[in-house]
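Quick note on this note's numbering: the sequence shown kicks off at 142 and runs consecutively.
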Amino acid sequence: MAKATLTIASKNYGSWSLRGWLLCKMSGIDFEEALVASDDPSTRAELLLLSPSFLVPCLTHDGVKIWDTLAIAEYLNEQKPDAGLLPKSRDARARCRSICGEMHSGFSNLRSALPMNLKARYPGFKVWAGAQADVDRITGIWRECLEQGKGPFLFGRLPCMADAMFAPVVTRFMTYDVQLDEACTTYCKAIMALPQMQEWIAAAKTEPDEVEELDVEF
Ligand SMILES: N[C@@H](CCC(=O)N[C@@H](CS)C(=O)NCC(=O)O)C(=O)O
């Protein structure tokens, strides 16, 4: 079967790109990256051809395009059912899908106030109350999952779909110096230590410093 292509944008700022890329890596699908600078008007036409929604990530595989991160996750799970993108038990799968959906559609205060920026560090950053409510809900989800699945990842020993969905939140917590309890700190360390995360972050660091308008939700 032909190699898949994952269209992504900036590795430093692209939180959805990171999720899509981690999902591809975790699934083990054979894929190549197509990196587009989505802020550059001259490449937007190209992006429109590659991704019907104009958004990234977009996965192209065997004649189909999948242009939404949750749809990519479900598609990869169908293609690679043994990769462990979803937990094995029905109950855990239901919880995993629920928290992935919650991440996909929610936490807009956190996403706009603490945009992903892997190269930046803001020690002592003041998180405003609206974003703090999102931090509290996310850490509540993590604690519950870590207690039930016994860690080190949200649903047990290996990272799954939910860990990919929350990975850019982990990096935001580090960038903005968000104070966490021991369980959540340990979880963040486990995510940051994943070889795939190390690979993505190393590539992000080689990107040129970006335009200021990208320092907003992206
Ligand atoms: N719901 C979409 C969100 C994707 C999204 O917002 N992607 C951002 C970049 S991370 C984007 O492509 N923005 C449009 C642009 O920059 O032109 C998904 O799940 O994939």
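Note that CB positions come from ideal geometry on N, CA and C, so glycine has one too.
Per DSSP, A145 lies in no alpha helix (DSSP H) segment; the continuous beta strand (DSSP E) that holds it begins and ends at 145 to 149. If you draw a 10 Å sphere on the C-beta of A305, you find 16 or more other C-beta atoms in it, and that means buried. For I207, the beta-bridge partners assigned by DSSP are L200.
Look at T146: its beta carbon is at least 8 Å from all of the heavy atoms in ligand 1. The three-state reading of DSSP puts F248 in coil, since its state is none of H, G, I, E or B.
The DSSP-derived three-state label of E174 is strand. Of the candidates L191, A274, Q337, F172, the residue whose Cα lies closest to the Cα of G247 is A274. Boundaries of the alpha helix (DSSP H) around G271: 270 to 290.
Annotated as distal: M338 and A303, with beta-carbon spacing of 9 Å or more.
Non-local C-beta neighbours of M244 in its own chain, meaning closer than 7 Å and more than five positions away in sequence, comprise M306, F307, ordered along the chain. In chain order, G225 place their CB closer than 7 Å to the CB of L299, counting only its own chain and leaving out the 5 sequence neighbours on each side. Distance from the C-beta of L211 to the nearest heavy atom of ligand 1 is below 8 Å. For G225, the secondary structure class from DSSP, reduced to helix, strand or coil, is coil.
Under a 10 Å Cβ-count criterion, A270 is classified as exposed, with fewer than 16 other Cβ atoms of the shown protein chains found around its own Cβ. Contact between I342 and L217 does not hold, since the beta-carbon distance rounds to 22 Å and is not under 8 Å.
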